[in-house]
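Reading through the structure tokens given below for one structure.
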Amino acid sequence: MADAVAFPAAAAAPAAERRQTADRVFWGAVFFNSALTLYWLYTLASGRTSIFFRNYKVDKEALVQVFFGVLFFYVIWGFIWWGIKTLLLRYFVGFPKDERRRSFSSRMNEPYEVSDIVARYSERRIRIADMVGRRGRFITMAFAGFFYLYSEVMLKPSTFSAGFLQNSLFDAVVRSWIFLGFYYVNGFLAAMFYGAQSRVMDGVLARANCLLITTLWSAFNFVMVPIGLKLTGIFPPGELAAVFAMIWGSYIACDSFSEIIGSFIGRQKLRVWGVGDVNRKSVAGTVAGFLAALALCLWVVSLQDLGWPWVGLSVVIAFSNTVLELYSPRGTDDFTMATASALICLAFGTWLH
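Just so you know, we're using the numbering used here here: the sequence shown kicks off at 14 and counts up by one.
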């Protein structure tokens with residue numbers, strides 16, 4: 014199936030350099046989570062809280078939340094999508110057992126060259142399997158969460174800023190340390206945490222890409238909550254659900270459809286920068302991301318019967334998401350897209366009201 018490869022993979026950096034990048038991402042995440050842990054310990058010792066998290070305590074509710082959150086999202090949900098990706102790699106791509114084992118390993122303890130793999134198997138099929146595993150695990154739940162919170166904000170506009178909050182600082186700290194603990198580990202349990210979303214095409218840097226995204230999500234609260242509170246003060250209650258959709262829904266739609274369409278029909282010709290052994294995107298995926306973000310925003314404008322200025326806002330946000338999805342370093346675009354959309358909405362609200 015090697016003849017199905019659309020374009021040969023660009024030469025990856027030397028193995029030692031890629032491993033060094035993976036180590037830097039790890040230690041950067043350790044530094045951030047150490048600071049987050051110290052901040053949590055300070056809140057426990059001082060009794061002081063802030064706007065960034067709903068709950069700072071280690072009580073029965075917090076322990077139950079951590080346990081069932083890890084059990085469902087990382088173990089059960091991770092196992093389901095690990096199984097789906099395993100089947101795709103076996104029957105759709107054609108990976109033998111040893112190649113599948115290597116694809117779910119940390120890839121940092123033995124040579125792992127993407128160029129060798131795509132010389133023997135279809136790059137298109139590998140990308141599709143990568144996309145299904147990654148998008149299936151995260152975006153299905155992201156869309157479910159988005160539509161739930163969107164309906165909540167429509168019914169109760171006062172919950173708008175809460176849509177940017179993680180429930181518990183303790184939960185965020187524990188989950189981050191667990192993710193860090195499995196970073197270099199091989200085996201079944203580590204595959205539950207990293208396997209489905211670790212792209213074959215990201216090679217040695219697959220887990221670094223995942224860890225960077227996870228760490229930036231933990232940092233989201235410290236950026237998005239203050240912006241969310243300002244948005245609440247600018248927009249009237251009837252418009253807050255639309256603003257929420259413009260920020261979160263458009264980002265999810267753009268990010269998802271750019272990879273889905275790019276994997277199926279895209280010709281991976283656009284060189285980009287980021288954390289991964291092969292960093293390329295496609296024109297088809299980029300256009301699809303723009304159209305998906307625009308369609309979702311216009312649907313919200315129509316649903317809530319908003320005026321023409323909101324149509325213009327939809328175009329600007331869709332364009333911003335597309336540009337940032339394409340040019341942000343891979344692994345950081347989730348953070349940059351949502352933050353930029355929030356700032357655009359803030360500027361729009363200041364002008365409109």
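Positions of the beta carbon are idealized from the N, C-alpha and C atoms, including for glycine.
These figures come from a predicted structure and were not determined experimentally.
Item	Value
Under the assumption that Phe332 contacts Phe303 (Cβ atoms under 8 Å), give the Cβ distance between them as a whole number of angstroms.	7 Å
Return the CA-CA distance between Ile191 and Val83, expressed in angstroms with no decimal places.	9 Å
To the nearest angstrom, how far is it from the Cα of Trp90 to the Cα of Arg150?	7 Å
Can you grab the Cα-Cα spacing for the pair Ala221 / Gly320, in whole Å?	43 Å
Would you identify the three-state DSSP class for Gly287, choosing helix, strand or coil?	strand
Taking DSSP as the reference, what is the three-state secondary structure of Lys169?	coil
What would DSSP say about Lys282, mapped onto helix, strand or coil?	coil
Distance check for Thr50 and Pro124, CA to CA, integer angstroms please.	34 Å
Can you give the Cα-Cα distance for Phe85 and Ala204, rounded to whole angstroms?	15 Å
Which of the three DSSP states, helix, strand or coil, is assigned to Thr228?	helix
From what residue to what residue does the alpha helix (DSSP H) around Tyr52 run?	Ala28 to Ser59
Let me see if you follow: with CB-CB separation under 8 Å, is Asp72 close to chain B or not?	Absent from the structure is chain B; it holds one protein chain and no more.
In angstroms with no decimal places, state the Cα-to-Cα distance between Val397 and Gly251.	Any question about residue 397 goes unanswered here, given that the chain covers just 14 to 366.
Classify Leu309 as buried or exposed, calling it buried when 16 or more other Cβ atoms lie within 10 Å of its own Cβ.	buried
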